Structure formats: structure tokens, C-alpha cells
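Under my numbering, residues 69 to 202 are what the sequence shown spells out, in order.
For reference, the structure discussed in these notes is given below.
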Amino acid sequence: MDFHLTLAIDFDGTICSNKSPDIGEPIMPAIETLKRLRHDLKCRLVLWTCREGLFLEKAVQFCHENGLFFDAVNTNVHASEFFGHPKILADFYIDDRTPGWFRMGNQERWHMIEEEIRERAKFNFKNMIKEITP
């Protein structure tokens, strides 16, 4: 049984300021939060972006330079399970196009996102224990 949460994260405007097709400035609360969630909760991270080709390579390189690594890029973590399925399957989709995104500052927004993901992880863990406990 695998109960690690999968997070699909947009790039432009979410991980860095939106200067597309160029790379904007890093949004450090986003990068630090994602690194913590990966480390603490073993969340699977999927870079989910419209970027392709060289623009995508530059985005991945930018993330690596900032210590952020992904389990998949523009594909499902377990691609073989969903061959041909165009939608990224995730527990959370984090994107600057989310309603209400601009009502908060970066620090507040990413604190809220982290709290919600940690709550979901606790819920998933409790349900896992119920399933395996006789």
C-alpha cells in the first residue's frame, strides 16, 4: 500500500514569478515548503507545466539549482499504470490560476497549503492503520 500524497505543481507564477517564457525570480516560500513536504511526508512531486522543450529543460534546471527535485515532469509518477492518460493524477494541484491565489502573500499562501497537505497526510495515515489493523 502506498499512501504518500502526490502534488502536481505548476511552474510559472507558482515556483517562480511569472516571466514566461523567461524564468522569473524564485518564490522561496514555495520552494522551501515543497522541499519540506517531500522530506517530512515523502510527498511525490510532479512538475506540471505548459512548458516544453528547451523552456521545460530550463525550468527543471532552475528547480534543481534551488534544491527542488521531482518524481515526474509533465507525466504521472507511475506512468505505466496510466499509459495514454493525459491528466496528471494527484492529490493536490498547486497552481497560481487557483481561485483566490492572489488574495494572500506568498508566505501566508504557502503556509496554508502546507497545513492542508499535512492534515490530509494525517487523515491518510489514520485510514491506512484502520485498513491493516485486524
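We put the CB at the ideal spot given by N, CA and C, even for glycine.
All of these numbers come straight from a predicted model, not from anything done at the bench.
Would you list the one or two residues that DSSP bridges to residue i?
{"i": "R165", "result": "BP columns for R165 are empty, so no partner."}
{"i": "F160", "result": "L75"}
Do residue i and residue j have their C-beta atoms within less than 8 angstroms of each other?
{"i": "T82", "j": "D159", "result": "no"}
{"i": "W116", "j": "N144", "result": "no"}
{"i": "G130", "j": "I91", "result": "According to the sequence displayed, residue 130 carries Phe and not Gly. Taking 8 angstroms as the Cβ cut-off, F130 and I91 qualify as a contacting pair."}
{"i": "L113", "j": "I185", "result": "no"}
{"i": "L105", "j": "E182", "result": "yes"}
{"i": "N174", "j": "P94", "result": "no"}
May I ask which residues mark the beginning and end of the alpha helix (DSSP H) holding residue i?
{"i": "T74", "result": "No alpha helix (DSSP H) holds T74; the beta strand (DSSP E) holding it covers T74 to I77."}
{"i": "F130", "result": "G121 to E133"}
{"i": "D108", "result": "M96 to L109"}
Is it buried or exposed for residue i, if we count other Cβ within 10 angstroms and need 16 for buried?
{"i": "C84", "result": "buried"}
{"i": "F191", "result": "exposed"}
{"i": "L109", "result": "buried"}
{"i": "R171", "result": "exposed"}
{"i": "K178", "result": "Looking at the sequence provided, one finds Trp at residue 178 rather than Lys. With 16 or more other Cβ atoms within 10 Å, it is buried."}
{"i": "C118", "result": "exposed"}
{"i": "M69", "result": "Because the pLDDT of M69 is 43, which lies under 50, any placement of that residue in the model is unreliable, and the question is left without a value."}
For the beta strand (DSSP E) that residue i lies in, which residues bound it at each end?
{"i": "L113", "result": "R112 to L115"}
ask   = Touch check for the region 97 to 108 and the region 118 to 126: three-plus C-beta pairs under 8 angstroms?
value = At 8 angstroms Cβ cutoff, the stretches do not touch.
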